[in-house]
Structure formats: structure tokens, C-alpha cells
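Novice: Counted from 1, the sequence shown has number 888 at position 17 by the numbering used here; the numbering is strictly sequential.
I am attaching a structure below and will ask some questions about it afterwards.
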Amino acid sequence: MQKIPDWPIPCDLTGVQGFLGTVVGTLCIFIKDLASLAEPLVCLTHWQANFEFGVLELESMEKMKLVVADCPTVRPIDYDTSRETILAVNSSYLAAGYILLQ
Numbered sequence: 872m873q874k875i876p877d878w879p880i881p882c883d884l885t886g887v888q889g890f891l892g893t894v895v896g897t898l899c900i901f902i903k904d905l906a907s908l909a910e911p912l913v914c915l916t917h918w919q920a921n922f923e924f925g926v927l928e929l930e931s932m933e934k935m936k937l938v939v940a941d942c943p944t945v946r947p948i949d950y951d952t953s954r955e956t957i958l959a960v961n962s963s964y965l966a967a968g969y970i971l972l973q
């Protein structure tokens with residue numbers, strides 16, 4: 872989980888998409904109001920949007936980092952515990968999904 876707080880400021884569209892794919896795509900079910908928090912970054916991904924990573928986008932990214940860091944349901948796997956670790960996978964011809972639980 873340390874990678875998200877240390878995520879660098881994106882310098883291009885690919886960087887924003889990588890951050891959104893990791894945070895929004897993977898953790899969205901755990902974060903309240905994530906769509907509102909992510910809106911300034913999502914706007915950068917629109918087809919004809921000019922890429923201008925300004926103060927509003929930086930605040931959005933930093934807020935999402937804080938929310939993820941403080942989320943009680945998102946924790947690293949504890950390999951030293953006797954608790955069972957479960958990898959659940961679902962796939963089709965169109966998409967794949969997964970979740971790792973402990």
C-alpha cells in the first residue's frame with residue numbers, strides 16, 4: 872500500500888490513467904465519494920481535453936492518496952498470520968476481475 876502515497880505527480884495522460892486505474896479501478900468499492908474526488912483527474916482523460924495538471928488536479932490526487940491510506944478495509948496481506956488468504960478470480964472473453972482477501 873505504500874506505492875499509492877508515494878505515487879509521483881503525473882506528467883502526461885498515461886500517468887493519470889495509471890493512477891486512476893490503480894486507485895479508482897481497484898479500490899473504488901472501498902472509498903466513499905471516490906467519483907467526486909477523482910473528477911478533476913477524470914476530466915483530463917476526456918478525448919479532446921488539454922493536459923494541464925494544475926492545483927485542482929493535484930489536490931484531487933492528494934485527497935485520494937489520503938483517503939486510501941486511511942481506509943480501514945484496505946491493508947496489506949499479513950503473511951505471518953494463520954488466517955486464510957483467498958484469491959477470487961472471475962473472467963470472461965471481455966474482462967477479468969480479481970480480489971485478494973484475508
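Virtual Cβ for every residue (Gly too), placed ideally from N, Cα, C.
Please return the same chain residues whose Cβ sits closer than 8 Å to the Cβ of L884, not counting the five positions on each side in sequence.
Specialist: For L884, the CB contacts under 8 Å within the same chain, skipping 5 residues up- and downstream, are L915, T916, F922 in chain order.
Novice: To the nearest angstrom, report how far apart V913 and Q919 are at their CA atoms.
Specialist: 12 Å
Novice: Check whether the Cβ atoms of V895 and A909 lie closer than 8 Å to each other.
Specialist: yes
Novice: For a quick check, are the C-beta atoms of V939 and L971 less than 8 Å apart?
Specialist: Cβ distance not < 8 Å, so V939 and L971 don't count as in contact.
Novice: Given this structure, state the Cα-to-Cα distance separating G889 from K936, to the nearest angstrom.
Specialist: 14 Å
Novice: Out of Q973, N961, F901, state which residue places its alpha-carbon closest to the alpha-carbon of D951.
Specialist: It is Q973.
Novice: Less than 8 Å between the beta carbons of I880 and L929, yes or no?
Specialist: Contact: yes.
Novice: Ordered along the chain, which non-local residues of its own chain (more than five positions away) have a Cβ less than 8 Å from that of I948?
Specialist: The beta carbon of I948 sits closer than 8 Å to those of T956, L971, Q973, all from its chain and outside the five residues before and after it, given in chain order.
Novice: How far does the alpha helix (DSSP H) with V895 in it extend, from its first residue to its last?
Specialist: 884–898
Novice: Please state whether DSSP places L965 in a helix, a strand or coil.
Specialist: coil
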